[in-house]
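Residue numbers (our numbering): 39 to 314.
Backbone N, C-alpha and C define an ideal beta-carbon position, used for all residues, glycine too.
On a predicted model such as this, the values are computed, not experimentally measured, just so you know.
Following: one structure in structure tokens, then a few remarks.
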Amino acid sequence: MLILIVVLSGSSALAQKPEKDSSLKNVELCNGSDRVSPEARIDGCTAFIDAGEGTANGFAVAHNNRGNAYSAKTDYERAIKDFVEATRLNPNYAKAFNNLGVAYLRKGAHDLALGAFEEALKLNPNYGAAFANRAAAYLKRNAYERAAQDYDEAIRLDPNLEAVWSGRCWARAVLGALQAALDDCDRALRSDANNAATYDSRALINLKMGQLSAAVDDYNSALRFAPKLASALYGRGVARLKLGDRAGGDSDISAARRIDAGIREDFARYGVPSND
């Protein structure tokens, strides 16, 4: 329901120095030189792998980089195969485990994602992106306390990571730490004023605080960027009902339920029971 960004670790650089110009070009493409397209990166990595002229670590990097390119194309099945192969070739490759977790998370395989992030963090306990991604996986499992703890750690390690402030805002909002959540959302919006998820989170805070007009304003902002965000439609409907706008509230809640039949139960879990 809430769309949070997960952090795909960047590509690693192949260290091989092939003698042939064509081989060097494949390495450059696989490394993502000059912001090449995902298709070109896939071709370059595939050519490097198929040539068979590298070390195990070099092939691990190539599979990781090709996995990143497949992820960019939302082809997560192929991405997962490449990340698994990268971790087989180099069991100490924390980036590849993190990226594998991201691909599993985007496929909806939350338990597998958590396992991959655990491996990444065993290899690198200071891996801020892996903490942020594990937090996103915990959110998917409604484990808000665990998510908030991981966001705390991600922010401590790398406060400039994308989506960590917005993610912790949501976790705190659900948990009821409303002022702390509001501070997180405000910080997130200072760096990204076009984030529907952050407006949705701040709207929930305002709704739970009884700031109904502010909640409607934030839900309006969320829907401007994500018109079919069920949580924003439902939350706005609840706020409108409380403000006495029966027609508007009923319309929003009906629209939200058409998108997500379980939205009412979700809001009850967030601490906002509905009287609709």
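Thr236 and Ser204 closer than 9 angstroms at C-beta: Position 198 of the sequence shown, counted from the first residue, corresponds to residue 236. Position 166 of the sequence shown, counted from the first residue, corresponds to residue 204. In this structure, Ser204 lies closer than 9 angstroms to Thr236 by Cβ.
task = Going by CA-CA distance only, name the one from Ala110, Glu157, Ala226 that's closest to Val122.
result = Working through the sequence shown from its first residue, we reach residue 122 at position 84. The candidate whose alpha carbon is nearest that of Val122 is Glu157.
Helix, strand or coil: how does DSSP classify Tyr176 here? Taking the sequence shown and counting its residues from 1, one reaches residue 176 at position 138. Note: Tyr176 maps to helix in three-state DSSP.
Helix, strand or coil for Gln324, going by three-state DSSP, please let me know. A query on residue 324 cannot be resolved here, the shown segment of the chain reaching from 39 to 314 and no further.
| field | Whole-angstrom C-beta distance between Ala117 and Ala141, which should lie under 8 angstroms | value | Here the question's residue 141 lines up with position 103 in the sequence shown. Here the question's residue 117 lines up with position 79 in the sequence shown. So it is a contact: roughly 5 angstroms between Cβ atoms.
* To do: Give the DSSP-derived three-state secondary structure of Gly82 in the structure shown.
  => Here the question's residue 82 lines up with position 44 in the sequence shown. It is helical.
query: How long is the line joining the alpha carbons of Asn137 and Arg278, rounded to whole angstroms?
result: Reading the sequence shown from its first residue, position 99 is the one you call residue 137. Reading the sequence shown from its first residue, position 240 is the one you call residue 278. Taking the straight line joining both Cα atoms gives about 41 angstroms.
query: In terms of residues, what are the limits of the alpha helix (DSSP H) holding Arg274?
result: Residue numbering aside, residue 274 sits at position 236 when the sequence shown is read from its first letter. It spans 268-280 - the alpha helix (DSSP H) in which Arg274 sits, taken as one unbroken run.
* To do: Using three-state DSSP, classify Gly214 as helix, strand or coil.
  => Counting from one through the sequence shown, the residue named residue 214 turns up at place 176. Correct three-state label for Gly214: coil.
For this session: Kindly indicate which three-state DSSP category Ser75 falls into: helix, strand or coil?
Result: Residue mapping note: residue 75 aligns to position 37 of the sequence shown, counting from 1. Three-state DSSP puts Ser75 in coil, outside helix and strand.
Which same chain residues, not among the five before or five after Lys280, have their C-beta less than 6 angstroms away from its C-beta?
As a first step, residue 280 is located in the sequence shown; it is residue number 242 there, counting from the start. Once the five neighbours on either side are set aside, the close Cβ partners of Lys280 are Leu250.
Every unbroken alpha helix (DSSP H) within the stretch 89-135, with a cutoff of 4 residues, ordered by chain: 94-110, 114-127
Just the C-alpha distance for Ala209 and Gly286, rounded to the nearest angstrom, thanks. By one-based count along the sequence shown, residue 209 stands at place 171. By one-based count along the sequence shown, residue 286 stands at place 248. Their Cα atoms are separated by approximately 28 angstroms.
- Alpha carbon to alpha carbon, how far is Pro197 from Phe135? Stepping through the sequence shown from its first residue, residue 197 is reached at position 159. Stepping through the sequence shown from its first residue, residue 135 is reached at position 97. Cα to Cα, the separation comes out at about 22 angstroms.
- Under the three-state DSSP convention, the category Tyr142 falls into: As a first step, residue 142 is located in the sequence shown; it is residue number 104 there, counting from the start. Three-state DSSP puts Tyr142 in a helix.
Which one of Asn64, Gly105, Asn69 has the shortest CA to CA distance from Asp88?
Along the sequence shown, read from residue 1 onward, the residue named residue 88 stands at position 50. When each option's Cα is compared against that of Asp88, the closest is Asn64.
Query - Rounded separation between Ala253 and Gly153 - CA only - result: As a first step, residue 253 must be located in the sequence shown, where it is residue number 215. As a first step, residue 153 must be located in the sequence shown, where it is residue number 115. Going by the C-alpha atoms only, they are around 37 angstroms apart.
Original post:
Can Ala107 and Arg79 be called in contact, C-beta distance under 9 angstroms?
Top reply: Taking the first residue of the sequence shown as position 1, residue 107 is located at position 69. Taking the first residue of the sequence shown as position 1, residue 79 is located at position 41. Contact: yes.
task = Output the distance between the C-alpha atoms of Val202 and Tyr189, rounded to the nearest integer angstrom.
result = Within the sequence shown, numbered from 1, the residue matching residue 202 stands at position 164. Within the sequence shown, numbered from 1, the residue matching residue 189 stands at position 151. In a straight line, the C-alpha of Val202 is about 6 angstroms away from that of Tyr189.
| C-beta atoms of Arg104 and Cys68 nearer than 9 angstroms | The residue given as residue 104 occupies position 66 in the sequence shown. The residue given as residue 68 occupies position 30 in the sequence shown. Yes, they are a contact pair.
* Which value, in whole angstroms, describes the spacing of the CA atoms of Asn102 and Ala85? -> Counted from its first residue, the sequence shown places residue 102 at position 64. Counted from its first residue, the sequence shown places residue 85 at position 47. Answer to the nearest angstrom: the Cα atoms are 14 angstroms apart.
Contact belief for Ala170 with Ala192 at Cβ below 8 angstroms, rounded distance in angstroms
Stepping through the sequence shown from its first residue, residue 170 is reached at position 132. Stepping through the sequence shown from its first residue, residue 192 is reached at position 154. The Cβ separation is near 4 angstroms, so the contact holds.
| task | Can you tell me which of Ser292, Phe305, Leu213 puts its alpha carbon nearest to the alpha carbon of Ala185? | result | Numbered from 1 along the sequence shown, position 147 holds the residue referred to as residue 185. The candidate whose alpha carbon is nearest that of Ala185 is Leu213.
message = What does the Cβ neighbour count give for Asp224, buried or exposed, with the cut at 16 atoms within 10 Å?
response = Here the question's residue 224 lines up with position 186 in the sequence shown. It is exposed - the Cβ of Asp224 has fewer than 16 other Cβ atoms within 10 Å.
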